[in-house]
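For the sequence shown, full-length UniProt numbering begins at 1 and goes up steadily by one.
Here a beta-carbon is modelled for each residue, glycine too, at the ideal position from N, C-alpha and C.
Here is the structure we will look at.
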Amino acid sequence: MPTTAVRFPFTRTRPFDLEPEISELRESASISQAELFDGKLAWLITRFDDVMAVCTNPAFSSDTTKDGYPEVFEGRTSKADKEKSLISMDPPDHDELRRMLTRWFTVKRAEAMRPRIQALVDELIDGMLAEEGRIDLVQDFALPIPTAVICWLLGVPEKDHLFFQERSGTRLAVAASSADVSSATTELMAYLDDLVGVKIEQPEDDIISDLVHQYMLPGTLDRATLVDLARQLLIAGHESTASMITLATMLLLEHPDQLADLRANPELYPSAVEEVLRYLTIAQLLVGRVATEDVTIGQQVIRAGEGVRALLNAANRDPRVFTDPDQLDVRRPNVRRHMAFGYGIHQCLGQAYARVEMQVALETLFRRLPGLALGVPLEEVSFKYESAVHGVHALPVTV
Ligand code: HEM
């Protein structure tokens, strides 16, 4: 690679918008190079078609233990430290594991859960209306929704939901130390392992029972992998959806004209959810790949062993695909083309649930709470600027 490289990632300073450097890179060159925190170089892919090409080309590996994989943060560089997860596996192992799960993540199943999600959302709003103290939209509303959904899917009994929510909430809390996060994760893993034991004896209609009886007991999936898969679903599923619900609420409050249109025309919520997914593209640093053979993207030859970072947020603001991409438009016609859930074999497994959760949460919140407002000025909100998935730690609101 040549040696004139920008530093990546850029420091994020804007709560809802792309850093100008990213748009400039996308418009100045199809592919550019970046220097990462460890001094290694990687290719930055910013245009929509090129990001799609990277995500669908089998010459790119997602395996974080491969030499040349472009890490963006310190702390995960030792091979032993890297967790093996669905998101960082390649075929055929990836496809085999993903196939075991797909029937649980269809649009049909997510839609079947809609009434249950609606009842939960109404209950949470009742709770906020009855609350006399300070309301935090993250802990009191946005986080309990995906946590409950993943608990229902995994088959966690109702009595243990609070245990689950408290442990998973630790990861979002601004005051949590890395020791707090790691002990919460250890407790969750021990709990999930016990749950596997319960499902061996008393199977029900849930993911863990299904994996235990279809794959673990017949010997095609070991217990540790199963427990780890459940952990991945929990982590992948709750934080991102909670962040989207919170950020989308803030974004719409900041765009009163768009919000008024939605309140008057609630049938627009499904497309509005796609537009906020596109506009915010919270998975800002998720897609890293390493080339396993020489491959051409755009006009650029990427050599075997070189790393790439595909910027979903830059692609989702590409004017070649979206007219006036930096405008929020809840009536945007082609918005379903966005790549907020990635693309290709790793495209988000949980997207159907995330969509239903966001649609129900936003529609009900804005319908039932006409006076909903931020409880602090926007400048005082604590954003997760340096995280792979953008979000906020807490959001005080008044109802
Ligand atoms: C709005 C919320 C969400 C966003 C923005 C989001 C985003 C993403 C993205 C961008 C990827 C692809 C990463 C890559 O290509 O390397 C991904 C993968 C994944 N997501 Fe989500 N996600 C969300 C919600 C969920 C939920 C609710 C679940 C589960 C219940 C989930 C489970 C997963 C899993 C398991 C993968 C890995 C799939 C694979 O590698 O085959 N996500 N997500």
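Straight-line gap, residue i to residue j (C-alpha atoms, nearest Å)
i, j, result
"Ala80", "Thr64", "Unreliable placement is indicated for Ala80, whose pLDDT of 47 sits below 50; the coordinate value is still reported in the next sentence. Roughly 11 Å between the two C-alpha positions."
"Gly344", "Asp95", "12 Å"
"Ile245", "Ala142", "6 Å"
"Arg263", "Leu252", "11 Å"
"Glu74", "Asp38", "8 Å"
"Arg223", "Met216", "6 Å"
"Pro70", "Leu36", "8 Å"
"Ala148", "His161", "7 Å"
"Leu18", "Ala272", "19 Å"
"Asp206", "Glu27", "47 Å"
"Val107", "Met189", "28 Å"
"Ile302", "Val295", "5 Å"
"Pro333", "Asp324", "12 Å"
"Thr241", "Ser382", "18 Å"
"Cys55", "Arg114", "30 Å"
"Ala373", "Glu254", "10 Å"
"Leu86", "Leu229", "8 Å"
"Ala34", "Ala291", "16 Å"
"Met1", "Leu41", "The predicted model places Met1 with a pLDDT of 49, which falls under 50 and marks its position as unreliable; any figure quoted below should be read in that light. For Met1 and Leu41, the distance between alpha carbons rounds to 8 Å."
"Leu25", "Ser32", "7 Å"
"Phe366", "Thr398", "13 Å"
"Gly237", "Arg320", "31 Å"
"Arg289", "Ala361", "34 Å"
"Tyr191", "Thr249", "33 Å"
"Pro9", "Gln214", "42 Å"
"Ser183", "Ala394", "21 Å"
"Glu306", "Asp126", "53 Å"
"Ser78", "Val6", "Annotation note: pLDDT 49 at Ser78 (below 50); position unreliable, coordinate value reported separately. Going by the C-alpha atoms only, they are around 25 Å apart."
"Asp180", "Glu187", "11 Å"
"Pro396", "Glu275", "24 Å"
"Glu380", "Asp140", "19 Å"
"Leu259", "Phe322", "21 Å"
"Asp261", "Pro270", "13 Å"
"Ile145", "Gln299", "44 Å"
"Gly342", "Ala315", "10 Å"
According to DSSP, residues forming a beta bridge with residue i
i, result
"Pro396", "Asp136"
"Phe383", "Val392"
"Glu35", "Arg7 and Leu41"
"residue 401", "Only positions 1 to 399 of the chain appear in this structure, which leaves residue 401 out of reach."
"Arg309", "Leu44 and Gly288"
"Ala373", "Thr398"
Contact test: residue i Cβ vs the ligand HEM heavy atom, cutoff 7 Å
i, result
"Arg231", "no"
"Gln327", "no"
"Val356", "no"
"Cys348", "yes"
"Cys151", "no"
"Arg368", "no"
"Ser32", "no"
"Leu362", "no"
"Leu286", "yes"
"Gly391", "no"
"Arg47", "no"
"Phe341", "yes"
"Ser178", "no"
"Leu311", "no"
"Thr241", "yes"
"Gly307", "no"
"Ala224", "no"
"Ala283", "yes"
"Pro146", "yes"
"Ser168", "no"
"Ile297", "no"
"residue 446", "Nothing in the structure corresponds to residue 446, since the chain is present only between 1 and 399."
"Arg98", "yes"
"Leu211", "no"
"His338", "no"
"Tyr353", "yes"
Segments assigned alpha helix (DSSP H), at least 4 residues, entirely inside the segment 47-130: 48-56, 93-101, 107-112 and 114-130
Would the segment 131-138 count as touching the segment 338-358 if we require 3 or more Cβ pairs under 8 Å? With the cut-off at 8 Å, the segment 131-138 and the segment 338-358 do not touch.
Give the list of continuous alpha helix (DSSP H) stretches no shorter than 4 residues that lie fully inside the segment 238-281. Under the rule that a run must span 4 or more residues, the alpha helix (DSSP H) segments found entirely inside the segment 238-281 read 256-264 and 269-280.
Is the segment 296-312 in contact with the segment 36-53, if contact means three or more CB pairs nearer than 8 Å? Touching, yes, given that three or more Cβ pairs across the two stretches are closer than 8 Å.
Across the segment 323-330 and the segment 85-102, are there enough close Cβ pairs to call them in contact, namely three or more that are closer than 8 Å? At 8 Å Cβ cutoff, the stretches do not touch.
Can at least three beta-carbon pairs, one atom from the segment 113-122 and one from the segment 219-235, be found at a separation below 8 Å? At 8 Å Cβ cutoff, the stretches do not touch.
If contact is defined by three or more beta carbon pairs under 8 Å, each pair taking one atom from either stretch, is the segment 269-283 in contact with the segment 376-393? yes
Ordered list of alpha helix (DSSP H) runs contained in the segment 160-235, each at least 4 residues: If we require 4 residues or more, the alpha helix (DSSP H) runs fully inside the segment 160-235 come out as 161-170, 178-201 and 207-211.
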